[in-house]
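These notes concern the structure reproduced below.
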Amino acid sequence: CFLTDSKTKRLERLRLNMKPFKIGELTVRYPLIQGGMGVGVSLSSLAGHVAKEGGVGILSTAQIGYREPDYDENPVEANLRAIGTQVQEAREIAGAGGVIGVNIMVATRFYERYVKAACQAGVDLIISGAGLPVSLPEYAKGFPVKLAPIVSSAKAAMVICKMWDRKYKRVPDLLVIDSIQTMNLASV
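Take the sequence shown: its letters are residues 89 to 276, numbered as in the numbering used here.
This is how it looks when you write it as structure tokens:
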């Protein structure tokens, strides 16, 4: 898409009017979270540059290690290793203050191992959906990571919030709303 001068000026005005937002002690310059798009789209370059420009850069862990030499023989180990590598590369691009996160699907085999690998790699945020991430606080325990379940209904949000509070004395740091119908959460 080509940006005309008038479109560029409107985008600049919009950017200037955006206020930073906080996720706990993290401050994000612009209230923008890049979506985690799997299998080679949301990797270190995209996530790092989004974070460098003031948004939240998100790596998708879905087959994140597909370029590792041993991926065909050891896909889980290749993916776990690639989480660390991709987070480190994204951090190098983002620089100081860049906020880097991952999107990990609950439906992923070895979900717990993926969460722990992301925590050990030092991500700031874990976004998790494709199922209810009811055990996410347990897997991330002891790490200064922000947790953001993806919800598709007010009921799912309430289940997660109540369960996390009861079991872990923790609530989500933010919720990711995956449909317009879920927007009614504001009334909950």
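Don't be surprised by glycine CBs; every beta carbon is placed ideally from N, CA and C. Treat the numbers as computed from the prediction; the structure is a model and nothing was measured.
Per-residue burial, residue i [other beta carbons within 10 Å of its own, 16 or more giving buried]
i, result
"residue 106", "exposed"
"residue 259", "exposed"
"residue 145", "buried"
"residue 209", "buried"
"residue 195", "exposed"
"residue 166", "buried"
"residue 217", "buried"
"residue 267", "exposed"
"residue 104", "exposed"
Supposed contact pair residue j and residue i - C-beta distance, whole angstroms, cut 8 Å
i, j, result
"residue 234", "residue 182", "Wrong, their Cβ atoms sit about 16 Å apart, outside the cutoff."
"residue 143", "residue 175", "Wrong, their Cβ atoms sit about 16 Å apart, outside the cutoff."
"residue 228", "residue 203", "6 Å"
"residue 192", "residue 170", "Actually they are not in contact, since the Cβ atoms of residue 192 and residue 170 sit about 13 Å apart, beyond 8 Å."
"residue 232", "residue 252", "Between residue 252 and residue 232 the Cβ distance is about 17 Å, and since that is not below 8 Å, they are no contact."
Beta-carbon proximity check, residue i vs residue j, cutoff 8 Å
i, j, result
"residue 213", "residue 236", "yes"
"residue 168", "residue 201", "yes"
"residue 220", "residue 247", "yes"
"residue 122", "residue 135", "yes"
"residue 239", "residue 215", "no"
"residue 124", "residue 133", "no"
"residue 154", "residue 172", "no"
"residue 261", "residue 126", "no"
"residue 120", "residue 187", "no"
Cross-strand partners of residue i (DSSP beta bridge)
i, result
"residue 236", "215"
"residue 187", "144"
"residue 115", "110"
"residue 193", "217"
"residue 203", "Paired residues: none, contrary to the question."
"residue 264", "238"
"residue 171", "Answer is none; residue 171 lacks a bridge partner."
"residue 121", "144"
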